[in-house]
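Residue numbers (this note's numbering): 112 to 175. The structure under discussion appears below in the form of structure tokens.
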């Protein structure tokens, strides 16, 4: 559970911004989205390879 202490004379917007930043660092939302649908290991590997080739092409284009 995340706890955000609101300081004296601190606006709610600032406290909410700190909460959002802390929440994102924990990675809860990313993990939840990943667990929504099961991905077979072979499909995950294929996606990794496709992503790696894409990134490789981008980097090779940068060098030119």
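Glycine residues also receive a C-beta, built at the ideal position from the N, C-alpha and C atoms.
In this structure, residue 114 keeps its C-beta atom at 8 Å or more from the C-beta atom of residue 129. Take the alpha-carbon of residue 147 and the one of residue 154: they are about 16 Å apart.
With a cutoff of 8 Å on beta-carbon distance, residue 126 and residue 139 are scored as not near each other.
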